[in-house]
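Participant: Chains as they are written, first to last, in our numbering: chain A, 2 to 350; chain B, 2 to 350; chain C, 2 to 350; chain D, 2 to 350.
Number of protein chains: 4
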Amino acid sequence: MQFFSDNSALVHPKIMEAIAKANHVDAAYGADKWSAQLNEKFGEIFGAEIIVHPVSTGTAANCLALAAMTQPYQGILCHEEAHIVVDECGAPGFFTAGAQIIPIGGDGAKINPHMLTHIISAIRDDVHQVQPACLSITNASEYGMAYTPSEIRELADIIEKNNPANNGRRQGKIGLHVDGARFANVVAMGNYSAAELTHLSGVDALSFGCIKNGGMNAEALIFFNTDLAKASEYRRKRAGHLHSKGRFMAAQLLAMIEDDLWLENAHAANHAAQIIASACGDRLLYPVQVNEIFLRLTADEAQKLRNQGFDFYDWGVNGARLVTSWHHSPADVTPLANAISDLGEFQAS
Amino acid sequence: MQFFSDNSALVHPKIMEAIAKANHVDAAYGADKWSAQLNEKFGEIFGAEIIVHPVSTGTAANCLALAAMTQPYQGILCHEEAHIVVDECGAPGFFTAGAQIIPIGGDGAKINPHMLTHIISAIRDDVHQVQPACLSITNASEYGMAYTPSEIRELADIIEKNNPANNGRRQGKIGLHVDGARFANVVAMGNYSAAELTHLSGVDALSFGCIKNGGMNAEALIFFNTDLAKASEYRRKRAGHLHSKGRFMAAQLLAMIEDDLWLENAHAANHAAQIIASACGDRLLYPVQVNEIFLRLTADEAQKLRNQGFDFYDWGVNGARLVTSWHHSPADVTPLANAISDLGEFQAS
Amino acid sequence: MQFFSDNSALVHPKIMEAIAKANHVDAAYGADKWSAQLNEKFGEIFGAEIIVHPVSTGTAANCLALAAMTQPYQGILCHEEAHIVVDECGAPGFFTAGAQIIPIGGDGAKINPHMLTHIISAIRDDVHQVQPACLSITNASEYGMAYTPSEIRELADIIEKNNPANNGRRQGKIGLHVDGARFANVVAMGNYSAAELTHLSGVDALSFGCIKNGGMNAEALIFFNTDLAKASEYRRKRAGHLHSKGRFMAAQLLAMIEDDLWLENAHAANHAAQIIASACGDRLLYPVQVNEIFLRLTADEAQKLRNQGFDFYDWGVNGARLVTSWHHSPADVTPLANAISDLGEFQAS
Amino acid sequence: MQFFSDNSALVHPKIMEAIAKANHVDAAYGADKWSAQLNEKFGEIFGAEIIVHPVSTGTAANCLALAAMTQPYQGILCHEEAHIVVDECGAPGFFTAGAQIIPIGGDGAKINPHMLTHIISAIRDDVHQVQPACLSITNASEYGMAYTPSEIRELADIIEKNNPANNGRRQGKIGLHVDGARFANVVAMGNYSAAELTHLSGVDALSFGCIKNGGMNAEALIFFNTDLAKASEYRRKRAGHLHSKGRFMAAQLLAMIEDDLWLENAHAANHAAQIIASACGDRLLYPVQVNEIFLRLTADEAQKLRNQGFDFYDWGVNGARLVTSWHHSPADVTPLANAISDLGEFQAS
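Have a look at this one:
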């Protein structure tokens, strides 16, 4: 059984079924009944009037959101270990036509509010310095750490209060984007409302993850600040992310939220992670909040686990990363938990 | 029955089946058995060692190919009515980071060799002028006209002979790209080999269309000049076109060429177009070679056809465009052919 | 005596003097008395509140203006033979991060209003087509033809009336830019006011030429639509066009307009051109309105002139281009005029 | 007397003289005797065959060099406080069309070799991570700290040994660029040869500063790796940095190196800085190696100095930055040194 990443997990049967159903109609470029329902159906989930743009990867969702907020001569505030910085081959620079990353530190790949305040307040509003146009956070973070609604609100307040534009030359507020590749896992974990994790806490746009949660090839770029959506339609087209048979993407997204499938899947993944985490004790490098486990593991111990048929990524020296997904049942992961317990106390080799 | 475009046609059952089968495996980013077979299986179709990159839209395939050949300060030779110029919202400028379109004329949206020679030979090799880096042709063209292998070879010879780089400063040959959104229809129509329409005639890269021919969301960017493929992997990733569950795209592409499904579908679409064309007589604006019919039609006549349940795009004043696809059977289109015949002689209103 | 181009002419003594004077002060990035006067002094010339950005080349002035009006996913309407299209190595694509050129035809490199109307009115406001964001005209044109105020107004009305944005999705008016590398020559020729050739006729931004008219390395990018100026300050900096010793550029620009030096120089260049034109008779390919002469000339005739010490560019077969500048006195050009007269009637060889 | 920056200092009389002389010739775009001598004359300074491109700002020189080494999908290794990161409004992202900054730490804004090794060796050669294409260092650094030839060689060895490309996919070596806005000050300070500070230590391109050292508007972009120069000619043109009257830039650059004026000016600036530094004692935040002094200074102390007619930039709380230039004579700065001495011991307020 492998725990490399949820990004390759099987597609949920209900999603496959929805895709099959969407094949009985002939309509191009979103002129279909599935695409037509996206704004309303997702609007119900978020309790707001929103605009939803389906795209086929998280990178596209993230960077179209950033491009909608950021001019080429501006900057993107984000964690120095954010996915957009370390795992997308420079996609933000591509979609924004050269906007500069302004990296912020913080534990567990979560932005430290003090560091954010320090950096943003030091930016002079003159033409020599890159002016920040947006803040992008990842919820859950690269290390599986979740932001609470109040933590998001705190960051939103910082960028509002310290916006260099308030001093003069640059117009407009600094936008707030959430990379929500594992947004469902956060909602499920904290029993939060989708609203309080987003627009109620100052979020302008969300990359709503579907693929890691049982989808095939559809993510939802959601604009709470609907003024940002218009230009984004052009950007999506010229980036090659407008599908002529978009009905298959829309159908996946609708199936994902129907009867709360997205939460059901997220709960399953989170639960599987907790079972494994419960066996890790002091081995845990970060508290397990959603579906990622980072643990101390020597090369020998890793080999032992692999010999028993469990596979995963090494994480530096004496470390490992395991990710669970919707299709990992308790029965699937219990043997792994037991195998980890059997390793006994961690002792760095 | 609608004839707006083949880009929205139903997905062929064999493709749906292949997608379903690809769901029984968990492997990310092309580390799956389907992706592993692409180069070899497509290489057999083209009789060459090639590299295949699956992407989810024709715009992505076209523009990644252009970006692989063109530096930001160079130019793209193509027909002034090419899809990349008039129908992709400036995507070439986005993927190449600003390369300039150098438009060429020609009937039926096919490049006129004399016009190409005239324009390219007038470009001085100095820093003031945009130096052409590639020529992109569309086969079949926007008006459903096909280039023969010898016509492609003629164009390839022109860009080779007149390459300003030969005079000095700029290095490398001018690349040749084929937008093959309807490549299958050309092969099927002319009973050509895939090889003679591409690398045997000097083609470096091909956008091999799958979606318009019964696929769901996969096109194949094929590099015959495999040196171009390396950098393109990075570009594909940062453009958000590398799918974590790429196995579903690879599976579609393999199913499309298995047992020549791609040609079977193309033959069906071409045949349906011929049935309609045979009823058009003098109404035809262009000879019908593949699956697009452009015909003279007054507003009244168009209304008559729509009243009988046939729908399509108007094409300027007194004109209409009809596109057939793999799922239009002779039984489907014969009524339309009869309806057109019943209109009698065309008389401009 | 050479007539290749006014772009290399000597710098006028008064400009050299102004540069020397600006060396007695130490102040960086426009915090000097010369830079401080630009908006006011140029505002007097144009009878309007304007913002002036000094830059060191016409390409920078033109493309910063275009970038201020055009998003990367939009288009630039301009003549197919405009300097920005054929002589700036794709600079518009660079400064706008990929905006597409939408070429328009017209005699003498002046935009034909009917062709502009035809092209712009055919653009659908959908995401597949590049939406025009600005129209750039060159006054005087590449062939030395001038637009009158009413001709400019006619074009301004066309882009206003046919703006696809009026139908919906895209916001804002289409901007109007004038490449005025030889703007002074037009004002001098037609005895127009600078105002009627620009903001009074709907112009948003002007590249005010100084270098071809006796300057050293300063052009003035003038914003009549001052809302465009703010973001342009950032673009100018990141393009490397903000000079720390900008006082030397500001001093040139002020000296150029002081006591109407700009018009004096332009009159001299225009007058020299008229003296030469008067000797060309039927040889003229275009009427000589400012300081460019295009004439029929066989290779033998060209050689004869060169043997007498006159040099210039050939213009295709049996053609030549001569450009006069501020430092060509009547005494300088009369011998050339005589030499051309001595050639007698033109007879194509 | 002001000590804000050397970037606004007066232009040296010999440079003004050279500019005046260059006005007696009419030749465009580098077809003049001054431009023709650049490669040879600068080649003598560096003891190598080089190619010199004059540009009008340091930002243009730096970013054209980076663009010559870096594809849009690659990365730029540099100090997190480098001028290209914090003071050029994102220019690297503009000139490279989106390349990502990969920030490195180190004291005094000099790259720490261990940190460089740590970061570069952690980059996997896969498409998800930005692959470094060049390393840019600033000599002297933003804090006036100089790299010795052996320190530069150490960094060159690190990027050579740890080049991810050596593992596979990416081709070519990682380029090494030096931002030498104050290169002359380093040569003068250490009595180094220009060669050992550049190509003999693995440097591919240098931004040779002239403006901060008594020039008006010319910097020299020098390619030691001459293969990089060809494409850069196109980039320079489309960036609006090719001057039609480039002879005035070339003349400045030649005058700057004639009879070692560049070193004479740098020695004067360095000497003035030493006089001031000698009065600062424990106040110094960094050792003064070239012409920048960073010292502890309370607000009251700063006011006292300003009351005596000395002006400079505050540097955070209780800090100040003073920069000397070629035209600061010992007689000019001695009063400042005395005034600082009179402040007595520093005591944080």
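All C-beta atoms in this analysis are idealised placements derived from N, C-alpha and C, irrespective of residue type, glycine included.
Could you name the residues of the same chain whose beta carbon sits closer than 8 Å to that of C:Ser330, not counting the 5 residues immediately before and after it, in chain order?
Facilitator: Sequence index remark: in the third sequence, residue 330 of chain C carries index 329 (1-based). Same-chain partners within the cutoff: Ala269 and Ala273.
Participant: Assign A:Pro336 to one of two classes, buried (16 or more other C-beta atoms within 10 Å of its C-beta) or exposed (fewer than that).
Facilitator: Numbered from its first residue, the first sequence carries residue 336 of chain A at position 335. Exposed, because fewer than 16 other Cβ atoms sit within 10 Å of the Cβ of A:Pro336.
Participant: Using a C-beta cutoff of 9 Å, does B:Glu234 count as contacting chain D?
Facilitator: Along the second sequence, one-based indexing puts residue 234 of chain B at 233. So, interface residue.
Participant: So if I threshold CB-CB distances at 8 Å, which residues from the region 124 to 135 of chain D count as touching chain A?
Facilitator: So the close ones are Val128, His129, Gln130 and Val131.
Participant: With distances taken between CB atoms, is the gap from A:His129 to D:Asp88 smaller than 9 Å?
Facilitator: Along the first sequence, one-based indexing puts residue 129 of chain A at 128. Along the fourth sequence, one-based indexing puts residue 88 of chain D at 87. Yes.
Participant: Kindly indicate which three-state DSSP category B:Phe95 falls into: helix, strand or coil?
Facilitator: By 1-based counting over the second sequence, the position of residue 95 of chain B is 94. Note: B:Phe95 maps to helix in three-state DSSP.
Participant: Please state whether DSSP places C:Glu293 in a helix, a strand or coil.
Facilitator: As a working note, residue 293 of chain C is residue 292 in the third sequence. It is a strand residue.
Participant: Can you give me the C-alpha to C-alpha distance between B:Ser142 and C:Gly76, rounded to a whole angstrom?
Facilitator: Against the second sequence, residue 142 of chain B aligns to sequence position 141. Against the third sequence, residue 76 of chain C aligns to sequence position 75. When rounded, the distance between both Cα atoms is 24 Å.
Participant: For B:Arg170 and B:Asp127, what's the separation of their Cα atoms in angstroms?
Facilitator: Locating residue 170 of chain B in the second sequence gives position 169, counting from the first residue. Locating residue 127 of chain B in the second sequence gives position 126, counting from the first residue. Confidence at B:Arg170 is low in this model, with a pLDDT of 40, below 50, so the placement of that residue should be treated as unreliable; the coordinate-derived value is given next. Approximately 8 Å between the Cα atoms of the pair.
Participant: Identify the contact partners of B:Tyr30 in chain C, using a Cβ-Cβ distance below 9 Å as the criterion.
Facilitator: Locating residue 30 of chain B in the second sequence gives position 29, where the first residue counts as 1. Correct list: empty, because the minimum Cβ distance to chain C is about 28 Å.
Participant: Ordered along the chain, which non-local residues of its own chain (more than five positions away) have a Cβ less than 8 Å from that of B:Pro150?
Facilitator: Start at 1 with the first residue of the second sequence, and residue 150 of chain B comes out as number 149. Excluding positions up to five away in sequence, the list reads Tyr193, Glu197, Leu198, Leu201 and Ser202.
Participant: At what residues does the beta strand (DSSP E) containing D:Val188 begin and finish?
Facilitator: For the purposes of this step, residue 188 of chain D is taken as the residue at position 187 of the fourth sequence. Not the beta strand (DSSP E): D:Val188 falls in the alpha helix (DSSP H), residues Phe184 to Gly191.
Participant: Between the region 49 to 65 of chain D and the region 227 to 245 of chain D, can you find at least three pairs of beta-carbon atoms closer than 8 Å?
Facilitator: Enough Cβ pairs lie closer than 8 Å, so yes.
Participant: Do we get a CB-CB distance below 9 Å when we pair A:Gly59 with the residues of chain D?
Facilitator: Counted from its first residue, the first sequence places residue 59 of chain A at position 58. Not closer than 9 Å to any Cβ of chain D, the Cβ of A:Gly59 fails to qualify, so no.
Participant: Report the residue from A:Glu161, A:Asn163 and A:Ser208 whose alpha carbon sits nearest the alpha carbon of A:Val56.
Facilitator: Translated into the one-based positions of the first sequence, residue 56 of chain A becomes position 55. If we check each option's Cα against that of A:Val56, A:Ser208 comes out closest.
Participant: Name the chain A residues whose beta carbon is nearer than 7 Å to that of B:Asn214?
Facilitator: Indexing the second sequence from 1 puts residue 214 of chain B at position 213. Going along chain A, no residue has its Cβ under 7 Å from B:Asn214, so there is no contact; the nearest lies around 12 Å.
Participant: Leaving out five residues before and five after D:Gln290 in sequence, what residues of the same chain have Cβ atoms less than 7 Å from its Cβ?
Facilitator: Taking the first residue of the fourth sequence as position 1, residue 290 of chain D is located at position 289. If we look at D:Gln290 and ignore the five residues flanking it on each side, its Cβ neighbours are Ala141, Gly145, Met146, Ala147 and Met190.
Participant: In whole angstroms, what is the alpha-carbon distance linking D:Ile16 and D:His25?
Facilitator: Translated into positions along the fourth sequence, residue 16 of chain D becomes position 15. Translated into positions along the fourth sequence, residue 25 of chain D becomes position 24. The alpha-carbon atoms of D:Ile16 and D:His25 are separated by roughly 15 Å.
Participant: With 9 Å set as the bound, which would you pick, yes or no: does the beta-carbon of C:Gln75 sit closer than that to a beta-carbon of chain G?
Facilitator: The structure shown contains no chain G; the protein chains it does contain are A, B, C and D.
Participant: Could you check which residue in B:Leu117, B:Leu78, B:Phe347 and B:Asn8 has the C-alpha nearest to that of B:Arg183?
Facilitator: Your numbering for residue 183 of chain B matches position 182 in the second sequence. Considering only alpha carbons, the answer is B:Asn8.
Participant: Just verifying my parser: in three-state terms, what is the DSSP assignment at C:Ala251?
Facilitator: Within the third sequence, numbered from 1, the residue matching residue 251 of chain C stands at position 250. Correct three-state label for C:Ala251: helix.
Participant: Where does the unbroken alpha helix (DSSP H) through A:Cys64 begin, and where does it stop?
Facilitator: In the first sequence, residue 64 of chain A corresponds to position 63, counting from 1. First-last of the alpha helix (DSSP H) with A:Cys64: Gly59 to Met70.
Participant: Nearest by alpha-carbon distance to C:Gly59: which of D:Cys64, D:Lys238, D:Ala123 and D:Asn113 is it?
Facilitator: One-based indexing of the third sequence puts residue 59 of chain C at position 58. The option with the nearest alpha carbon to C:Gly59 is D:Lys238.
Participant: Would C:Ile20 count as contacting chain D if we go by Cβ distances under 9 Å?
Facilitator: Counting from 1 along the third sequence, the entry for residue 20 of chain C is found at position 19. Yes - at least one Cβ of chain D is within 9 Å of the one on C:Ile20.
Participant: C:Gly181 bridges to which residues according to DSSP?
Facilitator: By one-based count along the third sequence, residue 181 of chain C stands at place 180. Its beta-bridge partners are C:Phe209.
Participant: Just curious, the alpha helix (DSSP H) that A:Thr149 is in, first and last residue?
Facilitator: As a first step, residue 149 of chain A is located in the first sequence; it is residue number 148 there, counting from the start. No alpha helix (DSSP H) holds A:Thr149; DSSP gives it neither H nor E.
Participant: Could you pull the start and end residues of the alpha helix (DSSP H) that C:Gln304 belongs to?
Facilitator: Here residue 304 of chain C corresponds to residue number 303 of the third sequence, with the count starting at 1. Note, C:Gln304: alpha helix (DSSP H), Ala300 to Asn308.
Participant: Using a Cβ-Cβ cutoff of less than 8 Å, which residues in the same chain neighbour D:Asn339 once the five nearest sequence positions on both sides are dropped?
Facilitator: Numbered from 1 along the fourth sequence, position 338 holds the residue referred to as residue 339 of chain D. Around D:Asn339: Ala280.
Participant: Check whether chain B comes within 9 Å of A:Gln3, counting only Cβ atoms and requiring the distance to be less than that.
Facilitator: Taking the first residue of the first sequence as 1, we reach residue 3 of chain A at position 2. By this cut-off, A:Gln3 is an interface position.
Participant: Measure how close the beta-carbons of B:Ile85 and B:Pro73 come, nearest whole angstrom, since I'm counting them as under 8 Å.
Facilitator: One-based indexing of the second sequence puts residue 85 of chain B at position 84. One-based indexing of the second sequence puts residue 73 of chain B at position 72. Rounded, the Cβ-Cβ distance is 16 Å, inconsistent with contact.
Participant: DSSP three-state call for C:Ala21: helix, strand or coil?
Facilitator: Position 20 of the third sequence, counted from the first residue, corresponds to residue 21 of chain C. DSSP places C:Ala21 in helix when its eight states are reduced to three.
Participant: Hey, does C:Arg237 have any beta-carbon neighbour from chain A nearer than 9 Å?
Facilitator: Position 236 of the third sequence holds residue 237 of chain C. So, interface residue.
Participant: At which residues does the alpha helix (DSSP H) containing B:Glu45 begin and terminate?
Facilitator: Position 44 of the second sequence holds residue 45 of chain B. Counting along the chain, the alpha helix (DSSP H) containing B:Glu45 begins and ends at Lys34 to Phe47.
Participant: By how many angstroms is the C-alpha of D:Glu220 removed from the C-alpha of D:Ala251?
Facilitator: Start at 1 with the first residue of the fourth sequence, and residue 251 of chain D comes out as number 250. Start at 1 with the first residue of the fourth sequence, and residue 220 of chain D comes out as number 219. Going by the C-alpha atoms only, they are around 9 Å apart.
Participant: Quick check on the DSSP output: the alpha helix (DSSP H) that includes C:Ala338 runs from which residue to which?
Facilitator: Start at 1 with the first residue of the third sequence, and residue 338 of chain C comes out as number 337. Looking at the DSSP string, the run of the alpha helix (DSSP H) that includes C:Ala338 is Pro331 to Asp343.
Participant: How would you list, in chain order, the residues of chain C whose beta-carbon sits under 8 Å from the beta-carbon of A:Ala98?
Facilitator: Locating residue 98 of chain A in the first sequence gives position 97, where the first residue counts as 1. Ordered by position in chain C, the residues that pass the 8 Å Cβ test against A:Ala98 are Pro73, Ala98 and Gly99.
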